[in-house]
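S.K.: Numbering (the numbering used here), first residue to last: 8 to 500.
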Ligand code: F6P
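#1: Look at the Cβ atom of residue 138, then the Cβ atom of residue 189, and state whether they are nearer than 7 Å.
#2: According to the neighbour-count rule (16 or more other Cβ atoms, all chains shown, within 10 Å of its Cβ), is residue 90 buried or exposed?
#3: Below 8 Å, how does it come out for the segment 308-317 and the segment 394-407: are there three or more Cβ pairs, yes or no?
#4: Where does the unbroken beta strand (DSSP E) through residue 85 begin, and where does it stop?
#5: Taking DSSP as the reference, what is the three-state secondary structure of residue 194?
#6: What's the C-alpha gap between residue 126 and residue 302?
#7: According to DSSP, what are the bridge partners of residue 127?
#8: From which residue to which residue does the alpha helix (DSSP H) around residue 342 run?
#9: Just to confirm my understanding: we take residue 39, look at its own chain, exclude 5 residues before and 5 after, and list those with CB closer than 7 Å. What are they?
#10: Write down the C-beta distance between residue 117 and residue 474 rounded to the nearest angstrom, noting that I regard them as a contact closer than 8 Å.
#11: May I have all residues whose beta carbon comes closer than 5 Å to any heavy atom of the ligand F6P, sorted in chain order?
#12: Pick helix, strand or coil for residue 220, following the three-state DSSP scheme.
#13: So residue 135 and residue 480 are in contact, right, with Cβ under 8 Å, and what is the actual spacing, rounded?
#14: In three-state DSSP terms, what is residue 90?
#15: Under a Cβ-count criterion, where at least 16 other Cβ atoms within 10 Å of its own Cβ denotes burial, should residue 211 be classed as buried or exposed?
#16: By the three-class DSSP mapping on this structure, what secondary structure does residue 313 have?
#17: Report yes or no: do the segment 340-347 and the segment 249-263 share at least 3 C-beta pairs separated by less than 8 Å?
#18: At the level of alpha carbons, what is the spacing between residue 21 and residue 73?
#19: State buried or exposed for residue 352, treating a residue as buried only when at least 16 other CB atoms are found within 10 Å of its CB.
#20: For the alpha helix (DSSP H) that residue 254 lies in, which residues bound it at each end?
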């Protein structure tokens, strides 16, 4: 099969340039690249279609074509869109998708003499491009939203009084209209979890676009763990150096008499919703937990965040201040370490090292949409004690079998009890079951198989009655486009 991934935002190159350094170069690009590579390895021809960028500040994206080493079936295809080729953030792409990007894709395949059998649209912008391609040349597609605009508006507390401001900054009207079209015209909508299908697509802003109860229109296809990085048998080039860094920072932060204890590893962004505070509270209130283990908070770039404000953003400081205060008031100095391990390879090496000390991974996010980070830790050999809110409730329990310990992130006693359970006599069983769970269900090969199944269903799905495509998407010169009034009509009901 020949499959086109439509991903206009961000960009792709063999060096994975700018990953995590810009909001448009985050998890979605990892996902698209890994599924594309896995499909390529299965023998399918895959094009990752993205935008050509000729901009001195964004040098790696100027060529029309690019490849990954050792992936002969996968091409990175860059198609121009915009008044010029300068970098544009994803919020500013909407007027140029129908005007430039989609016609450019059609011209490209016409010149090559054949079109993909199917497209898969990613995020609302890739979804809208898929809608326009299907309308023009009849090629079916699947849609993967990654993140839906309505939930982002909820989080930003959108209401009548701030709608114009939000529209000016994020262009939510184009996004919501694009998402509604994408979920309506697609053959199959791909979500990572059942909760994403029912709760996110079930938002009132998507009413009449798709029925979440219609099994024919949805496929739950979870993302995968990169076993070449996080596998318990994998070895990073920085493996030995990372072990030395871990030893060094533990010796810096922990009481010498506690250096032999296992650790509870918390590795996530310093973001209030990740709720590090409850883990520290668990240590502050539970003597048994404090006697059994130390707490290690890993960050991407802050090497001594409990003691130094160097390089810390205002948002991170807002998370750290209460942690520092609680550590001081509860006398937890010497039981908590915090340091930086930049990049996935080092993180994975640290997980493997800490697993040898019978440590445990902990995530107490108030809500975790999917929860790839716990699965990465499980692949490396750490048992899990993680939030029951969101994806982990689907990935870590099935048919009464536990693949990790689920905790209530709003209840300190539940977190402490869950950690003690994972650190206790069940450690070996939980580590083995969690790791096997990832190998069985959460690999990119499995994700690629899920995509193939969904794409085949999309190709067989003739589609029902379709929402009309506003003319502005094809021809932004034809009118004023969308505004806060359109947004209100969709979102405020
Ligand atoms: O890759 C980053 C990502 O996960 C993408 O899905 C998307 O670009 C972004 O985060 C979330 O987008 P938004 O904040 O616009 O919902």
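Just so you know, even glycine gets a beta-carbon here, dropped at the ideal spot from N, CA and C.
M.R.: Quick answer:
#1: yes
#2: exposed
#3: no
#4: 81-86
#5: Coil, per DSSP.
#6: 46 Å
#7: 12 and 149
#8: It is not in any alpha helix (DSSP H) - residue 342 carries neither H nor E in the DSSP assignment.
#9: 12, 14, 55 and 129
#10: Contact check for residue 117 and residue 474: beta-carbon distance about 27 Å, past the 8 Å limit, so the pair fails to qualify.
#11: 33, 34, 35, 153, 154 and 159
#12: In this structure, residue 220 counts as coil in the three-state DSSP scheme.
#13: With 8 Å as the limit, residue 135 and residue 480 qualify as a contact, their Cβ atoms being about 7 Å apart.
#14: The answer is coil: DSSP assigns residue 90 none of H, G, I, E or B.
#15: exposed
#16: Residue 313 falls in the coil class under three-state DSSP.
#17: yes
#18: 8 Å
#19: buried
#20: 246-260
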